[in-house]
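Worksheet: one structure, shown below.
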Amino acid sequence: MTSQTETHTLAAPSLSKLARTTGLALLLAGVLLITIVLPAEYAIDPIGTGRWLGLTQIAAPAVSVVEPVNAEGAPLAPTQKGPIGEYPREFKYDVFEIELGAYEYVEYKYQMAKGATMLFSWTANLGVLHDLHAERAQDSATGGPAEESFDKSSRQQATASYTAPFTGIHGWYWENPGAARVRIRLTSAGFYESAVEIRSDRTRQTHPLRALESLPAPPRQQTRTETSEGTIAVP
Amino acid sequence: MRRHTLLAALVLWALASTVLVAHGVSDKDARFLLSLDGPAIIPLMYLGAKHMVTGYDHLLFLVGVIFFLYRLKDILLYVSLFTIGHSLTLLVGALGGIRANAHIVDAIIGLSIVYKAFENLGGFKALGFQPNTRVAVLIFGLFHGFGLATKLQEYSLSRNGLVTNIVSFNIGVEIGQFLALTAVLLTLVYWRTRPGYMRHAYATNAALMTAGFVLTGYQLAGYFTAGL
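As you go down the protein sequences, you meet chains A and B in turn. 61 is the number of the first residue of the first sequence in my numbering; add one for each residue after it. -2 is the number of the first residue of the second sequence in my numbering; add one for each residue after it.
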């Protein structure tokens, strides 16, 4: 048995039939690509069928733009009394942890009113590209969100306080500069309203924030606690 | 008549499920791969098998390859050639860090379906020359494996346990191929007992060729829009 006879196929069609079949296959493939596949996958829609069938939405989902509250004197703006800034509500605390894959980035920002303050500390297991920045909702001159960077640098950690220079969203951009995975952990407490996370794939999600008062109270049964560091008194 | 309906329903279900899953590694699986640090034999085997069972390009190519193979000996021969081809490039590519553009590799995989469907239609007989089918299946196997290697490397797997993980993924691919092949074969064996099989063989392979062209066009469009 030679390899010639071993090839099992249909009997040879006439060349014209073969050409017709191949041409028809190409034509049909072209029609499917142009009317359905390309609009749905890449939002390439030469004859408008993707829009008509609603397929282009798959390739180009309507991106929800971050809309910070812009009104000055928003709920959490402080009232200054000398060195004291009085706030109308309790302050919040937040812990945010994320792992970034190769060359991924994340933005994590808080909604803050002008003059509101927070304390934060973050660490990463490897150095990351970092930008502490803020965005206003609208810039009357350009129409787009106005952005201001305060600390653009490579960092592995930061411990700081931050007072919002204007009402908007304020926070971090962290980018993994290499192929190794990077873990970042942020802890903060302050007068902010809500948190938003924006990832490399442009997905956006808000994070619930807890009031600091919701932390469990320390146990009060014992008066003395043994720890590895020694004995400490507990009221 | 009822049997036909059942068969049609099965084929539709299979098509729908593969299209829905799509071919890349899903988001959740991708996160898992990124978080890996050390050997994970069973999860990688599962992902390899899943990739094969839900990878419609591999499945369509296999349908083309075994469409006219009736004897178990022939099926084993061709499937082994395909397996040797894709295992070789998967292991060498993933371990050696060789990667190509995933769109180009996938476009060639689409063309492999066109090629096999064309051959099944008797196209090469009509043209009067017949490339060696075994060599062709082996070469396309190499491309399929290269595609797997390229996708796996997009997840920058940790060096820790890399060899174990890639070998596990490859074993999973073989298990998945075996399962998929069994399903394809059972369907074809049943279908062959129907009088419509030979009658529709021409149309079926023409449809297979169309699907191959669609996959090729889809990947080429992806390649040309990637830089935009």
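In this text, a Cβ means the ideal position worked out from N, Cα and C, and glycines have one as well.
For a contact meaning CB atoms closer than 7 Å, what does residue i contact in chain A?
i        : result
Ala177/B : In chain order: nothing, as chain A lies at least about 21 Å away.
Phe29/B  : The contacting residues do not exist; Phe29/B stays about 11 Å from chain A at best.
Leu159/B : Near Leu159/B there are no residues of chain A at all, since even the closest Cβ is about 13 Å away, more than 7 Å.
Give me, in chain order, the residues of the same chain whose beta-carbon lies closer than 6 Å to that of residue i; leave out the 5 immediate sequence neighbours on both sides.
i        : result
Gly231/A : Tyr168, Lys169 and Tyr170
Val125/A : Low confidence applies here, because Val125/A scores a pLDDT of 44, under 50, leaving its location unreliable; read the following figure in that light. Excluding sequence neighbours, Val125/A sits near nothing in its chain.
Tyr165/A : Glu235 and Ser260
Val129/A : With a pLDDT of 47 at Val129/A, under the threshold of 50, the modelled position of this residue cannot be trusted; read the value that follows with caution. Nothing meets the Cβ criterion.
Thr147/B : Arg96, Ala97, Ala99 and Val102
Leu159/B : none
Ile258/A : Glu167 and Arg264
Gly90/B  : Phe143 and Ala146
Ser248/A : Asp154, Met178 and Phe180
Could you work out which residues of chain B lie near residue i, taking near to mean beta carbons separated by less than 7 Å?
i       : result
Pro73/A : Leu118, Gly119 and Ala123
Ala85/A : Ala203, Met206, Thr207 and Phe210
Val89/A : The amino acid occupying residue 89/A in the given sequence is Ala; Val does not appear at that position. Neighbours of Ala89/A on chain B, chain order: Thr207, Phe210, Val211 and Gly214.
Leu98/A : Ala218
Thr81/A : Leu118 and Ala203
Leu92/A : Val211
Go through its chain and collect everything with a Cβ distance to residue i's Cβ below 7 Å, but skip five positions before and after it.
i        : result
Leu154/B : Leu30, Leu33 and Asn162
Glu146/A : Pro138 and Thr139
Ser109/B : Phe58, Phe137 and Phe140
His55/B  : Met49 and His141
Ser84/B  : Gly142 and Asn167
Ala220/A : Phe180
Thr86/B  : Leu139, Gly142, Phe143 and Ala146
Leu78/B  : Arg131, Val134, Leu135 and Gly138
Leu41/B  : Asn162, Ser165, Phe166 and Gly169
Phe65/B  : Asn117
Thr116/A : Pro99, Ala103, Asp105 and Gly110
For a contact meaning CB atoms closer than 8 Å, what does residue i contact in chain B?
i        : result
Glu101/A : Tyr215, Ala218 and Gly219
In the DSSP assignment, what are the bridge partners of residue i?
i        : result
Lys122/B : For Lys122/B, which the question treats as bridged, DSSP gives no partner whatsoever.
Phe210/B : DSSP lists no partner for Phe210/B.
Trp299/A : For chain A, the structure presents residues 61 to 295; residue 299/A sits outside this window and is missing.
Val155/A : Thr247/A
Trp232/A : Tyr168/A and Leu192/A
Val256/A : Lys169/A and Thr266/A
Is there a Cβ from chain D that is less than 8 Å from the Cβ of residue i?
i        : result
Ala104/B : In the structure shown, chain D cannot be found, because the protein chains are A and B.
Going along chain B in order, which residues have a C-beta closer than 9 Å to the C-beta of residue i?
i        : result
Ile104/A : Ala218 and Thr222
His193/A : Correct list: empty, because the minimum Cβ distance to chain B is about 26 Å.
Leu115/A : Correct list: empty, because the minimum Cβ distance to chain B is about 13 Å.
Assuming residue i contacts residue j (C-beta within less than 8 Å), just tell me the rounded distance between them.
i        : j        : result
Phe126/B : Gly45/B  : Between Gly45/B and Phe126/B the Cβ distance is about 37 Å, and since that is not below 8 Å, they are no contact.
Ala79/A  : Val211/B : Actually they do not touch by this definition, with Cβ atoms about 20 Å apart.
For residue i, which residues of its own chain have a beta-carbon under 8 Å away from its beta-carbon, when the five flanking residues on both sides are left out?
i        : result
Leu217/B : His100 and Ala104
Met206/B : Ile110, Val111, Ala114, Phe115 and Leu118
Ile229/A : Val126, Pro128, Lys169, Tyr170, Gln171, Met172, Ala194, Glu195 and Val256
Tyr194/B : Trp188
Glu101/A : Ile118 and Ala119
Along chain A, in chain order, which residues have C-beta atoms closer than 8 Å to that of residue i?
i       : result
Leu56/B : Those within 8 Å of Leu56/B in chain A number zero; the least Cβ separation is about 18 Å.
Leu66/B : His68
task = Could you tell me whether the segment 186 to 198 of chain A touches the segment 207 to 215 of chain A, where touching means 3 or more Cβ pairs closer than 8 Å?
result = The answer is yes - the segment 207 to 215 of chain A touches the segment 186 to 198 of chain A, with three or more Cβ pairs under 8 Å.
query = So, do the segment 178 to 187 of chain B and the segment 112 to 127 of chain B have three or more beta carbon pairs nearer to each other than 8 Å?
reply = When C-beta atoms of the segment 178 to 187 of chain B are compared with those of the segment 112 to 127 of chain B, fewer than three pairs fall below 8 Å, so the two segments do not count as touching.
message = For the pair the segment 67 to 74 of chain B and the segment 71 to 80 of chain A, tell me if three or more CB-CB distances fall below 8 Å.
response = These segments do not touch.
Touching by the beta-carbon criterion (3+ pairs, under 8 Å), the segment 151 to 166 of chain A and the segment 238 to 246 of chain A = Of all C-beta pairs linking the segment 151 to 166 of chain A to the segment 238 to 246 of chain A, three or more are shorter than 8 Å, placing the two stretches in contact.
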